[in-house]
Amino acid sequence: MNAFLIPDLLLLLTPFLVIAIRIFTRNSKPAFIFANLSFLVIFVFLNRLVLGDEPHIFFSTWKVDRFGVLMREILILGAFLGVWFAKDYFDHRADHKSKLTQMAEYIAALMFATFGGFAVLSATELLTLFLGLEIATVPMYALTAWNKTDPNGSEAGTKFILMGSVATAFELFGLSYLYGFAGTLELSLIADAVAQNMHSPLLWISVLFLICGIGFKLTLFPFYTWAPDVYDGAPTPTTAVLSVTSKLVAVIFLMVLIFGPFAAIHSELIPFLSLLAAITLFVGNLGALKQNRLRRFMAYSSISQAGYILIALIGPESLARGAVAYYFVVYTIANYLAFFIFGVIGRNRSETFESLRGLSKQSPVLAVALAVAAFSLAGIPPLAGFLGKFFLFYSAAEAKGYALILFAVLNNVIALYYYIQLIKAAWVDEPETEPEPLAITLRQKVVIIVLMIGTLTIGVLPFLNTNIFRIVG
Amino acid sequence: MTLQNCLILAFLLFAIGIWGLLRRRHLIGMLISIEIMLNAANINFIAFSYFSAKDSTAGALFSLFAIAVTACEMAIALAIIVTMYRRHHSLDVNQLRDLHD
Amino acid sequence: MTNILGYSYWILLLPLLGFAVNALVLGNRFPRAAGIVSTLLTGGAAVLTGILVFGSFGTNPQAQVLWEFPFLRFSETFAASMGMLFDPLSAMMLFVVTVISTLVHIYSLEYMKHDPSSGRFFAFLSLFTFAMLGLVVATNLFQMFFFWELVGISSYLLIGFWYQKPSAVSASKQAFILTRFADSFFLLGIVLVSYIVGSFDFATINSLSLADFSNSFIQLGIAEFSKAQGLAIGALFIFIGGWGKSALFPMHIWLPNAMEGPTPVSSIIHSATMVVAGVYLVARLFPFFMLHENILQLILILGIVTALFAAVIACTQTDIKRILAYSTLSQIGYMMFALGALGYTASVFHVFTHAFFKCMLFLVAGAVIHQVHSNYLSSMGGLRKKMPWTYVCALIACLSISGIPPFSGFFSKEEIFLATLQNGHPVVFAFALLTSALTAFYMFRMFFLVFHGNARTQFEKPVKESLLMTLPIVILAIFTVISGFEKNIFAEYLVPPQVTLPHTGAHFPWIPFAATALSLAAIILAGIFYVSPRAQIAKALDEDNRSRFYKIVAHKFYFDEIYYAVVRQFLLGGIAAFLKWFDNVVIGSLVKAATFVFQKAGDAVRAADTGYLPFYLGTLIAGLLFWRFLGNLPL
Amino acid sequence: MLETLLYNSIWILPLLTTLLCVPIPREKEKLIKNVHLFSGFLVLGIAVYLTIQLYFLSLASPVQGSVSVLRFVTELPWLQAINAHYFIGADGLSMLMVLLTAVVVFTGMLVSLNIGKGSKEFFALIQILGTSIYGVFMSFDLVLFFIFYEMEAVCMYLMIAGWGSGKKDYGGKKLTLTLALGSAMILAVFFGIHVESGIHSWNILELAQVKLPETFQMWAFPILFMGFAVSGSLFPFHFWSPDGHSAAPTAVSMLAAGVMMKMGTYGILRIAIYLMPEGARFALPYLVYLTIFNVVLAAFIAVRHKDLKYITAYSSISHLGLIFLGIAALTPVSLRGAALQMLSHGFLTALFFAAVGMIYSRTHTRNILEMGGLMKQIPFIGVAFVIAGFAGLGLPGFSGFIAEITIFIGSFENTSPVFRLITILAVLSITTTAIYILQTANRMLNGALPGRFAAITDAGPGEKTVLVLLILCLLGLGLFPAPVSDFLDSSLAPILENLKR
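In order, the protein sequence lines correspond to chains H, S, W and P. With the first letter of the first sequence counted as 1, position 349 gets the number 348 in numbering that gives the first Met the number 0; the numbers rise by one all the way through. With the first letter of the second sequence counted as 1, position 15 gets the number 14 in numbering that gives the first Met the number 0; the numbers rise by one all the way through. With the first letter of the third sequence counted as 1, position 107 gets the number 106 in numbering that gives the first Met the number 0; the numbers rise by one all the way through. With the first letter of the fourth sequence counted as 1, position 21 gets the number 20 in numbering that gives the first Met the number 0; the numbers rise by one all the way through.
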């Protein structure tokens, strides 16, 4: 019985249903509700899946294992939060831009992107891998340019798709060499070929092209240049999705490659990966230092987070998987917490640091939540973000990458500086003019409180990370 | 026709694509350059599947899928470019500079 | 008898109790009660001391530790303890301290009557008494230092008692910092000596023999020394502590300035007890110091220089308390060089006699100041009739300090002269004689200018000599008269423990005559200058129309200014200012530079964010090439 | 059993109180403050009770060997993925530091009673800060330790930036970021220790029984030492302290200087030296040169400053230097001296900052040149300040003297020329301390009273409690040092034992 396929099939089906429902109803509310319900159902199904140690394979091309299920759950969590976050931007104007339209389509696109992530997770050969990545990426282009009335949105979309296509070309080129090197698309067969012939130039050229191609999506140095512009120009919900879902898919792609076909040359990749990680997080941190626009700030912040994530990949597979999975749980939560707060602030104001001023007086709870989010992103204990980073480093420590860890934790000081800027704006700076009143919906309130409690507790309460590591280990 | 010649051809096409991409200031021209790069990769696949691969159908299939995917991507790219044209009334990348730090 | 010994700790506890009660309970709310409580408790301590001293000396004059408890353990064998050492030396000091303290307390009851914060005064005075008693009964260096510092702090508090008077405040600060500077060496000496010896105990330290230490070595940071040398250095450092506390040249300047404090304070702390702590220290460790010839030489030279130097300055001063202060300096010089000349008994004897007459002189000065409300000789004169009791007592004291028989000073000074000559220091002897003559001169200069001649101020209503102020003076006068005759007791009991002094046995019967004659001559000279009908007192008191040498002396050889230059300009203005500059500018700049670098690097990163698509595309290609070459790929 | 529960509650209680206060509306300031005060008092009571218990327990069974004997131990599996445990326990050193923290937190709350706006958040933050500091001293698991260790830095920023004075944002950032720099170094080395030990444990006691590879220790010890030294403001990482303290509200200054700076030195003792004795023996003779600045030179800088908090901050720097000297000398006596100084300086500097804060809240200036004659107007605070000053300059009878002399005697026992020289310099520089303390006290309290201060009033009952409590602690430690010293010995013995291996 192939029950393990049910969630994937459901997710494949629901986007169509969402659009269909929209066609037959007057507004997009039913579609929104349906989307939420289906996320719930998929999540429950994923949760109920009972899998053994061995992966379940469907016709030799679709593989579901416990790690895959875990990552699927995180992807669904990200998508769910993304939809909830986006809802407000379809209800009213924000950030001095007109409100978005066509929510059902937006949700469907987001679901497709999520399904792309599922596909990458399930890949047993290069074609599924590539298709999954593309399914995850192409909707993002559309999401970026969603706001047709906003010139910045279309500019961001143009930049994104042009550069993304070049990156796709890189990947395709790399994949073609890999195919040429191994003569097959099966990941396991490629792995055997790599183990037999570790120093073939063809292999290494393909490694270079593949890592550079995925480096674009993961915003590694120096392929990150699109990120600030696109994050800034895109509608805020898209920015959030880009920084979570898109990044997660890219990381999964990289992990599938590194711990799959390239497992044999993993140790030789370590210097390259270390350097990539170090420079990326350094540059990301530097770029975030003097930002004023919040989304651009979050872009640089997520660039440096990408660097941190990469650190985990130099460790052994089981630890790296656990660390990345855990990190993404806490990163998703903290990131969406921050974005939800920006959403509340940005409703009547622009999404800049100035708008945060006086927040601690207007709404202390929101200000506390912002502090929690910022400190979690900065990796301050006992918040979840700290433990997330801790596991990343832990993975690297197993590979004795002490120098890299030292560099990364020292960089954390810079990161702390700019996250403190965020808190300072909310807590210390006095607004120059009387700030606009805040309007906060019940949904936002609930989400913010829940996410805040999550950020505060899942770091120190052991069950989540213990389970994650048990699942992947 | 050898594998080597095909690979060199693909590489040259890739290089031409890059060159065009960097030289062109017209968005459509840049899209075409990218298309050239993508097709260079497709040539690689075909060449490998024809000359060396154990599993030769896979390579051919891959290139077919790649063509489909790129077509999809180009469609979206053109759609976005059209929206942009409506705003800017120009397809010159030099004017795409509203977003910067 | 054992009863008394068993309760001996009350001698220390009573003054402490006085301090506690006054500081915490009575304070400034009930100043009068505070004074009485303090006085009674100190008196109780004096009575106990009397019983202890006179009761025990008849039967058991041996050194003994009455009680001792561990205070702080450093290692299994090395610990600091607090105890009560009872030997002739400490008995003598206990007696002096408690008696004088009681008398000064009584005196202060009247003297400080009108001061609203006299409660605080008595609290501090009790604290001082406690600390001083703790110091003299110390069984070891640690305890000594412990109370040494407490004495210093109570001296600081009392000098600056009138805290709204800037001169008093700065004097107290100067006194404390200067002695603290010396104490830092003392502490270092303790660390060094206790490290080498492995104990703080006086008994252990005093019974060392250098031979045991000449073969092992100790590293002192700069170079390696033999442990015997190390001990010598330690002895020097310990002595520096006494040097500062006893205000020997050139660390003397704090003592005259300390006269800004209330007069009773000057009388007890800065003449009779605390300033002789240095002498006491050397006496206490005398066998230890005797091991080190050079240090004894140093003590000798410092002593005689201070004695002469201070005596010269005293001849020119016009502030009555400063005259007494310089006189104290000079007398401490005596005690010191006596020790340096191995005249242990003579020195200790002089400590004893000096305490009474000098304390009395200060009390007299206080009474006079109380009368004329001025410290300056120019405001005094002709007080003989108004203060007959005081006058007589002052005369006794002046005669005593000048070394005129049969008063106590004569006996103790004679012993000192004898000791110097016996131990072969004729030059010192000569200077000592000269100093003695100078002493007689300036004391009687002061005496005549205060009590004789015409009154130079008009009082609205002369204050009558009050009982509370006069009684202590009279009692001290009695002590001054009789204490000289204790000579035999001192000669018998007050000998340094564990060593035998070289005894030449040479006799110089002419010394008393010569000294007395010189002193008498000086007194007559003073009489000619300041009391005879031809005396030009106004001119004598005018410092402006004097020779250059006189001015230099009157300005105390400009030592205050030199200190000012060294401390203010060099240490604080120079070194400290440089360090602050270093910290602010150099370290600050490094911090700023680090942030600047990061900010600039951030700017560079953001500058790459041009928004120009071809540039972005270029970075993709460049990145590919970049990692091709820098990615450590085996290509 | 009860004791173990109580011991756990020391760090849990403040958090619970904070949670309890969340639903109370912010207008009911008095209620909130009282609840917090009560909880602070309760924790103090528990700490006192446990200290006494532990003291008699440790007397009953002396420590042998290099295994620390812990009491009130709770060990629960926690982050099983990385084998980290919730492992807390008490020995002499940590118990006394907890007691110190409890005193300073309680007094810190008392001085903050009139903090004004946002007292709800302020008190919550104090409690969280307290929790983190308690946690540091209680935990014997590296992960747990680090979580508590780093928590405190950001709390400090929030409190300084929110309730500070002057350049509060700058000062707060400087403090927090520099401390974060230190903890970054610590974290990196912790990973190294965990992996290099080969037993994959974070348990300090277990790790202490393993000899880490010497090549690892050679580079890891200096980094770990410097990481901890940052919060002890060792040169050249002292720069955060003056600016941070001067911007901080009184309670934060008290906690920062009183306890938080000791966390660094505690970490060095408990972790750096205990786990890496070979590295310590190798590196400390070089690192000790850094203490020259703190011990000898910082006091001179204090002489030149006119701002009360700067003076106090530099005084802290110089006193902390003595702790570092004591630690670096690695002799039994000097380590004990360092531990004593940690306690002593905690009380001392808390008293200092409390008095300074009270004076500032009345005069609204911290420039001593603008003050004068305050003794007449505020005798109680003035006397407390003077007592703090005396204790600071090492007056016998107060704890500072005991600690200093123990350090001097101890570091002199180290026979290498460097230590001899630095000890000599350190002893001789006690004069400088006297200079700045007397200069400050005289300038501020003595002389003529400027007219604008004629209306200020002396300490209220709450403030008096603070001052008296701290003075009593100083006196108690200064007059009865032997029990404390023995108590500390019981926890230092294993460290020394490890040093011999």
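For glycine and all other residues, C-beta sits at the position ideal for the given N, C-alpha and C.
Q: Compare the C-beta of residue 609 of chain W against all C-beta atoms of chain S and say whether one is closer than 8 angstroms.
A: Working through the third sequence from its first residue, we reach residue 609 of chain W at position 610. By this cut-off, residue 609 of chain W is an interface position.
Q) Which partner residues does residue 139 of chain W have in the DSSP bridge list? A) Taking the first residue of the third sequence as position 1, residue 139 of chain W is located at position 140. For residue 139 of chain W, which the question treats as bridged, DSSP gives the partners W:200.
Q. Do we get a CB-CB distance below 8 angstroms when we pair residue 631 of chain W with the residues of chain H?
A. Counting from 1 along the third sequence, the entry for residue 631 of chain W is found at position 632. Yes, residue 631 of chain W counts as interfacial toward chain H.
Q. Whose C-beta lies closer than 7 angstroms to the C-beta of residue 66 of chain S among residues of the same chain, with five residues either side of it excluded?
A. For this step, residue 66 of chain S is matched to residue 67 along the second sequence. Contacts found: 41.
Q. Are residue 132 of chain P and residue 258 of chain P closer than 8 angstroms when you measure CB to CB?
A. Against the fourth sequence, residue 132 of chain P aligns to sequence position 133. Against the fourth sequence, residue 258 of chain P aligns to sequence position 259. In this structure, residue 258 of chain P lies closer than 8 angstroms to residue 132 of chain P by Cβ.
Q. Would the stretch 286–302 of chain W and the stretch 326–342 of chain W be scored as touching if the rule is three or more Cβ pairs under 8 angstroms?
A. yes
Q: From the DSSP output, in three-state form, read off residue 403 of chain W for me.
A: Position 404 of the third sequence, counted from the start, is the residue given in the question as residue 403 of chain W. Residue 403 of chain W: coil per DSSP, three-state reduction.
Q. Are the stretch 240–252 of chain P and the stretch 151–164 of chain P in contact at 8 angstroms, needing three or more beta carbon pairs?
A. yes
Q | Rounded separation between residue 313 of chain H and residue 178 of chain P - CA only | A | What you label residue 313 of chain H is simply residue 314 of the first sequence in a count that begins at 1. What you label residue 178 of chain P is simply residue 179 of the fourth sequence in a count that begins at 1. Straight-line Cα distance between these residues: approximately 28 angstroms.
Q) Quick one: Cα of residue 190 of chain H to Cα of residue 182 of chain H, how far? A) Locating residue 190 of chain H in the first sequence gives position 191, counting from the first residue. Locating residue 182 of chain H in the first sequence gives position 183, counting from the first residue. About 12 angstroms.
Q) Mind checking residue 69 of chain W: buried by the 16 CB within 10 Å criterion, or exposed? A) Taking the third sequence and counting its residues from 1, the one referred to as residue 69 of chain W is at position 70. Classification for residue 69 of chain W: exposed.
Q) Checking contacts by CB at 8 angstroms: is residue 215 of chain H closer than that to chain P? A) Residue numbering aside, residue 215 of chain H sits at position 216 when the first sequence is read from its first letter. No, residue 215 of chain H does not count as interfacial toward chain P.
Q) Among H:180, H:185, H:139, which has the Cα closest to the Cα of residue 164 of chain H? A) In the first sequence, the residue the question calls residue 164 of chain H occupies position 165. The candidate whose alpha carbon is nearest that of residue 164 of chain H is H:139.
Q | Span of the alpha helix (DSSP H) around residue 73 of chain P | A | Position 74 of the fourth sequence holds residue 73 of chain P. It is not in any alpha helix (DSSP H) - residue 73 of chain P instead sits in the beta strand (DSSP E) that spans 70–78.
(Q) Quick check on residue 26 of chain P: does DSSP put it in helix, strand or coil? (A) If you number the fourth sequence from 1, residue 26 of chain P lands on position 27. Here residue 26 of chain P sits in coil by DSSP.
(Q) So with CB distances below 8 angstroms, who are the chain S contacts of residue 156 of chain H? (A) Here residue 156 of chain H is taken as the residue at index 157 of the first sequence, counted from 1. Those are 79, 82, 83, listed as they occur along chain S.
Q.
Quick check: what's the CA-CA separation for residue 289 of chain P versus residue 240 of chain P?
A. Indexing the fourth sequence from 1 puts residue 289 of chain P at position 290. Indexing the fourth sequence from 1 puts residue 240 of chain P at position 241. Approximately 16 angstroms, taken between the alpha carbons.
Q: Return the Cβ separation of residue 642 of chain W and residue 260 of chain W in integer angstroms, given the expectation that the two are a contact with Cβ distance under 8 angstroms.
A: Within the shown structure, residues of chain W are numbered from 0 to 634, placing residue 642 of chain W beyond reach of any answer.
Q.
Taking 7 angstroms as the cut-off, is the C-beta of residue 31 of chain W nearer than that to any heavy atom in the ligand NAD?
A. With respect to the ligand NAD, the structure shown offers nothing to examine, as it has no ligands at all.
(Q) Cβ closer than 7 angstroms: which chain W residues qualify as neighbours of residue 100 of chain S? (A) The sequence position of residue 100 of chain S within the second sequence is 101, counting from 1. Those within 7 angstroms of residue 100 of chain S in chain W are 605, 608.
**Q.** Residues that residue 612 of chain W contacts on chain S, provided the C-beta gap is smaller than 7 angstroms
**A.** Looking up residue 612 of chain W in the third sequence gives position 613. Per Cβ cutoff of 7 angstroms: 92, 95.
Q. Are at least three pairs of beta-carbons, each pair with one atom in the stretch 237–246 of chain W and one in the stretch 183–193 of chain W, less than 8 angstroms apart?
A. yes
Q) So which of S:48, S:54, S:36, S:60 has the shortest CA-CA distance to residue 73 of chain S? A) The sequence position of residue 73 of chain S within the second sequence is 74, counting from 1. Out of S:48, S:54, S:36, S:60, S:36 has the C-alpha closest to the C-alpha of residue 73 of chain S.
**Q.** Contacts of residue 172 of chain W in chain P (Cβ-Cβ under 8 angstroms)
**A.** Position 173 of the third sequence, counted from the first residue, corresponds to residue 172 of chain W. The contacting residues are 437, 438, 441.
Q) Using DSSP with H/G/I as helix, E/B as strand and the rest coil, what is residue 69 of chain W? A) Taking the first residue of the third sequence as position 1, residue 69 of chain W is located at position 70. In this structure, residue 69 of chain W counts as strand in the three-state DSSP scheme.
(Q) If you follow the beta strand (DSSP E) that residue 62 of chain H is in, where does it begin and where does it stop? (A) Locating residue 62 of chain H in the first sequence gives position 63, counting from the first residue. It spans 61–63 - the beta strand (DSSP E) in which residue 62 of chain H sits, taken as one unbroken run.
(Q) Restricting to runs no shorter than 4 residues, where is the alpha helix (DSSP H) found entirely within the stretch 8–90 of chain H? (A) 28–47, 65–90
Q) Name the chain W residues that come within less than 7 angstroms of residue 334 of chain P, Cβ to Cβ? A) Along the fourth sequence, one-based indexing puts residue 334 of chain P at 335. The contacting residues do not exist; residue 334 of chain P stays about 12 angstroms from chain W at best.
Q: For residue 351 of chain H, write down the residues that DSSP places opposite it in a beta bridge.
A: Counted from its first residue, the first sequence places residue 351 of chain H at position 352. In DSSP, residue 351 of chain H forms a bridge with H:292.
Q.
Quick check: is the beta carbon of residue 401 of chain H nearer than 8 angstroms to any beta carbon in chain P?
A. By 1-based counting over the first sequence, the position of residue 401 of chain H is 402. So, interface residue.
Q. With 16 other CB atoms within 10 Å as the buried threshold, where does residue 18 of chain S fall?
A. Here residue 18 of chain S is taken as the residue at index 19 of the second sequence, counted from 1. Label assigned to residue 18 of chain S: exposed.
Q) So, is residue 81 of chain S buried or exposed, given that buried needs 16 or more other C-beta atoms within 10 angstroms? A) Walking along the second sequence from the start, residue 81 of chain S turns up at place 82. Exposed, since its Cβ has fewer than 16 Cβ neighbours within 10 Å.
Q.
If the criterion is Cβ atoms closer than 8 angstroms, does the pair residue 26 of chain W and residue 33 of chain W meet it?
A. By 1-based counting over the third sequence, the position of residue 26 of chain W is 27. By 1-based counting over the third sequence, the position of residue 33 of chain W is 34. In contact: residue 26 of chain W and residue 33 of chain W (Cβ atoms closer than 8 angstroms).
Q | One or two residues paired with residue 225 of chain W in a DSSP bridge | A | As a first step, residue 225 of chain W must be located in the third sequence, where it is residue number 226. DSSP, once it has assigned bridges, lists W:216 as partnering residue 225 of chain W.
Q: Would you list the one or two residues that DSSP bridges to residue 375 of chain W?
A: Looking up residue 375 of chain W in the third sequence gives position 376. In DSSP, residue 375 of chain W forms a bridge with W:318.
Q. So who's on the other strand from residue 82 of chain W, going by DSSP bridges?
A. Position 83 of the third sequence, counted from the first residue, corresponds to residue 82 of chain W. Answer is W:67, bridged to residue 82 of chain W.
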